[in-house]
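Participant: If you scroll down you'll find the structure; I have some questions about it.
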Amino acid sequence: MEKHIQLPITRETARTIHSGDACLLSGVIYTARDAAHKRLCELLEAGRPLPFDLKDATIYYVGPTPAKPGQVIGSAGPTTSYRMDAYSPAMIEAGETGMIGKGKRSPAVIEAMKRHGAVYFAAIGGAGALLSSCIREAEIVCYEDLGAEAVRRLRVENLPVVCVIDSEGNNLYETGRNAYLASCSRE
Amino acid sequence: MREVSVSVLTDAIARLAVEANCVLPHDVMARIEAARASEPWETAQGILDKILENDRIAERDTVPICQDTGVCCVFLKIGQDVHLKGDLKEAVDEGVRRGYRDGYLRKSVVADPLKRVNTGDNTPAMLYTELVPGDRIELTVAPKGFGSENMSRLAMLKPSDGVEGVKAFVLKTVEEAGPNPCPPIVVGVGIGGTFDKAAYLAKKALMRDLNARSDDPFYAALEAELLEKINALGVGPQGFGGRTTALAVNIERMPTHIAGLPVAVNINCHVTRHRTVVL
Chain U
876 MEKHIQLPIT RETARTIHSG DACLLSGVIY TARDAAHKRL CELLEAGRPL PFDLKDATIY
936 YVGPTPAKPG QVIGSAGPTT SYRMDAYSPA MIEAGETGMI GKGKRSPAVI EAMKRHGAVY
996 FAAIGGAGAL LSSCIREAEI VCYEDLGAEA VRRLRVENLP VVCVIDSEGN NLYETGRNAY
1056 LASCSRE
Chain S
10 MREVSVSVLT DAIARLAVEA NCVLPHDVMA RIEAARASEP WETAQGILDK ILENDRIAER
70 DTVPICQDTG VCCVFLKIGQ DVHLKGDLKE AVDEGVRRGY RDGYLRKSVV ADPLKRVNTG
130 DNTPAMLYTE LVPGDRIELT VAPKGFGSEN MSRLAMLKPS DGVEGVKAFV LKTVEEAGPN
190 PCPPIVVGVG IGGTFDKAAY LAKKALMRDL NARSDDPFYA ALEAELLEKI NALGVGPQGF
250 GGRTTALAVN IERMPTHIAG LPVAVNINCH VTRHRTVVL
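Here the protein sequences line up with chains U and S, keeping their order. Taking the working numbering, I'd label the letters of the first sequence as residues 876 to 1062. Taking the working numbering, I'd label the letters of the second sequence as residues 10 to 288.
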């Protein structure tokens, strides 16, 4: 049974989402990948204002394909998250409460999630055509020069994701695999 | 001597770049369907269903299967009796430029690995040429995503490490990659040659039909054994646990030095894309 989550996710809501929860996200999210994270964190480091408010923000690690005529956005599945590990602790400290990507996270990111209250979701990697159908609006917020890597504001409706790591540090990549392997040895 | 204008290659590459990105090869699709049928873990079944649904939408609507439409690998087997008229490299890049622009594909190439400014048109292609007998040209276009490319590894093993060393290295590479390369994956393994040739063999192994086993029974058995061991790791689709971690293991090998045992593992995600034409 999927959990419907209305964005934004507050620190309090973040603590109610648990590893393994299948969720449908609705509301506003922002996109950012490697290059945008680098710029945002340089601003944070310098104590300068960001181009959008990070408080309670959910960031989707995605660089979509260009929209064809009549499309809101092109294919838009997640990119691998560990490349954002260097930046995520600062982003979380600055207010980010949700991250959507795929793949493992570093201990430093998980530590920041536990301390501040944030969740890490995975969307299905390689399902960009399917996921883009949940994106109703898309507009560039900043860093247009980065092309696919520009920061976009997306309005999503029932975006299917799974909470992989929760604010207590529980990790589906470990528990899911272990549960499957345990089921094999029971047979 | 057969004369061929390089513009023929430009046109074909532009078309194949779009087809490869939007239509999953049917051998790959069939493998995912077979994996779904034999997958015992419920979560994994659900993910494989979603992946298949995505692949069908992409083919139906001619939209990219994945937003990472890759760096464009272009393999050319050129017959020795062909005379190519025009600038080959420029013609190949023009094909990529046109295909990625007209097909609304993502431009994912930076001009310099450290300065990192996007070229804006997905050029240059990663071009591989090989001279072969005859007067035909075999062209393969294979967009390669980097979620899986980043999880690829190479080791210069010792001859004494033998086949057990190779197996251990392949399994370690796949296990450490875990959820990152978008499992279920296809594992290309190159054994032998030199440092660079092993990597090239691993890349070439990813182009092989997933239903075709190695022509050498020893390597065919090794492919089957490795696939079984990988699918016993429990990583599963997207790393959430399950049986289907890999769809196939393809091994290519070649002669090597008495002192060495190079082995390269090139990982591909479930969107293992390639299109071939003979011109």
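Every residue, glycine too, gets a C-beta built ideally from N, C-alpha and C. Since we're looking at a predicted model, the values are computed, not measured.
Which value, in whole angstroms, describes the spacing of the CA atoms of S:A164 and S:A273?
Facilitator: So the alpha carbons of these two residues sit roughly 6 Å apart.
Participant: Round the Cβ separation of U:P953 and U:Y936 to the nearest angstrom and send it over; I've been treating them as touching at under 8 Å.
Facilitator: Right, the Cβ-Cβ distance comes to about 6 Å (below 8 Å), so this counts as a contact.
Participant: Taking C-alpha atoms, which residue in S:S14, S:G108, S:I60 and S:G88 lies nearest to S:L80?
Facilitator: In the sequence as presented, Leu is not what sits at residue 80 of chain S; that position holds Val. For the residues S:S14, S:G108, S:I60 and S:G88, the minimum Cα distance to S:V80 belongs to S:G108.
Participant: Note down the Cα distance separating S:V258 from S:S157, rounded to an integer number of angstroms.
Facilitator: Rounded to whole angstroms, S:V258 to S:S157 spans 15 Å at the Cα level.
Participant: So, helix, strand or coil for U:C916, using DSSP?
Facilitator: Here U:C916 sits in helix by DSSP.
Participant: Look up S:E28 in the DSSP assignment and give the residues it is bridged to.
Facilitator: Paired residues: none, contrary to the question.
Participant: Hey, S:Q76 and U:P939 are a contact pair by Cβ (cut 8 Å); roughly how many whole angstroms apart?
Facilitator: Right, the Cβ-Cβ distance comes to about 5 Å (below 8 Å), so this counts as a contact.
Participant: What are the boundary residues of the alpha helix (DSSP H) that U:H991 is part of?
Facilitator: Run containing U:H991: P982 to H991, per the alpha helix (DSSP H) assignment.
Participant: For a quick check, are the C-beta atoms of U:G1001 and S:C191 less than 9 Å apart?
Facilitator: Yes, the pair counts as a contact, with Cβ atoms nearer than the cut-off.
Participant: Any Cβ of chain S within less than 9 Å of the Cβ of U:E1052?
Facilitator: In the sequence as presented, Glu is not what sits at residue 1052 of chain U; that position holds Arg. Closer than 9 Å to some Cβ of chain S, the Cβ of U:R1052 qualifies, so yes.
Participant: Whose Cβ in chain B lies nearer than 7 Å to the Cβ of S:C75?
Facilitator: Of the protein chains in the structure, U and S, none is chain B.
Participant: Taking contact to mean at least 3 C-beta pairs separated by less than 8 Å, is the stretch 197-205 of chain S in contact with the stretch 213-225 of chain S?
Facilitator: Segments in contact, yes.
Participant: Quick one, which of U:S1042, U:I985 and U:N1033 has its alpha-carbon nearest U:V903's?
Facilitator: Taking only the C-alpha atoms, the option nearest U:V903 is U:N1033.
Participant: Please report the distance separating the alpha-carbon of S:A100 from that of S:P122.
Facilitator: Whole-angstrom Cα-Cα distance: 24 Å.
Participant: Check whether the stretch 112-119 of chain S touches the stretch 24-31 of chain S, counting contact only when three or more Cβ pairs, one atom from each stretch, lie closer than 8 Å.
Facilitator: Result yes; three or more Cβ-Cβ pairs closer than 8 Å.
Participant: In terms of alpha-carbon separation, which member of U:A921, U:K977 and U:Y905 lies closest to U:Y1048?
Facilitator: Comparing Cα positions, the closest option is U:K977.
Participant: May I ask you to list the residues that DSSP assigns as paired with S:V126?
Facilitator: In the DSSP output, where bridge partners are listed per residue, S:V126 has none listed.
Participant: Using a Cβ-Cβ cut-off of 8 Å (strictly less than) and excluding sequence neighbours within five positions of U:I884, which residues of its own chain qualify?
Facilitator: Excluding sequence neighbours, U:I884 sits near I892, D931, T933, T972, G973 and V994.
Participant: Out of S:S14, S:A26 and S:M10, point me to the one whose CA is closest to S:V286's CA.
Facilitator: Of the listed residues, the one whose Cα sits closest to S:V286 is S:A26.
Participant: Can you tell which of U:I967, U:I1010 and U:K979 has the C-alpha that lies nearest to the C-alpha of U:H991?
Facilitator: Ranking U:I967, U:I1010 and U:K979 by Cα distance to U:H991 puts U:I967 first.
Participant: In whole angstroms, what separates the C-alpha of U:R1027 from that of U:T906?
Facilitator: Approximately 5 Å between the Cα atoms of the pair.
Participant: Whose CA, out of U:A1013, U:E1019, U:M988 and U:D928, lies closest to the CA of U:D1041?
Facilitator: Comparing Cα positions, the closest option is U:M988.
Participant: Let me know the secondary structure DSSP gives S:N277 once reduced to three states.
Facilitator: Of the three classes helix, strand and coil, the one that applies to S:N277 here is strand, per DSSP.
Participant: Buried or exposed for U:R980, please, with buried defined as at least 16 other CB atoms from any protein chain shown within 10 angstroms of its CB.
Facilitator: With 16 or more Cβ atoms within 10 Å of its Cβ, U:R980 is classed as buried.
Participant: What does the Cβ neighbour count give for S:N220, buried or exposed, with the cut at 16 atoms within 10 Å?
Facilitator: That one is exposed.
Participant: State the DSSP-derived secondary structure class of U:I999, mapped to helix, strand or coil.
Facilitator: In the structure shown, U:I999 sits in coil (DSSP, three-state: anything other than H, G, I, E or B).
Participant: Tell me whether the beta-carbon of S:D130 lies closer than 9 Å to the beta-carbon of U:A1004.
Facilitator: Not closer than 9 Å, so no.
Participant: For a contact defined as C-beta to C-beta under 9 Å, what are the partners of S:F249 on chain U?
Facilitator: By Cβ distance, chain U contributes G895, A997, V1037, V1039, L1047, Y1048, G1051, R1052 and Y1055.
Participant: So, using beta-carbon positions, are U:F996 and U:V1036 closer together than 9 Å?
Facilitator: For U:F996 and U:V1036, yes; Cβs fall inside 9 Å.
Participant: Taking Cβ to Cβ, would you say S:I74 is nearer than 9 Å to U:S950?
Facilitator: Going by C-beta atoms, S:I74 is nearer than 9 Å to U:S950.
Participant: To the nearest angstrom, how far is it from the Cα of U:A1023 to the Cα of S:R125?
Facilitator: About 14 Å.
Participant: In the structure shown, what three-state DSSP assignment does S:E84 receive?
Facilitator: The sequence shown places Phe at residue 84 of chain S, not Glu. If DSSP states are grouped into helix, strand and coil, S:F84 belongs with the strands.
Participant: Does the stretch 241-251 of chain S come into contact with the stretch 52-68 of chain S, if we say contact requires no fewer than three beta-carbon pairs (one atom in each stretch) closer than 8 Å?
Facilitator: A contact exists between the stretch 241-251 of chain S and the stretch 52-68 of chain S.
Participant: Between the alpha carbons of S:T289 and S:G154, how many angstroms are there, rounded?
Facilitator: Any property of residue 289 of chain S remains undetermined from this structure, which presents chain S solely from 10 to 288.
Participant: Mind checking S:T281: buried by the 16 CB within 10 Å criterion, or exposed?
Facilitator: Classification of S:T281: buried, given that the 10 Å Cβ count is 16 or more.
Participant: Answer yes or no: the CB of S:N275 versus the heavy atoms of the ligand SAH, is any distance below 8 Å?
Facilitator: You won't find the ligand SAH in this model; it holds no ligand whatsoever.
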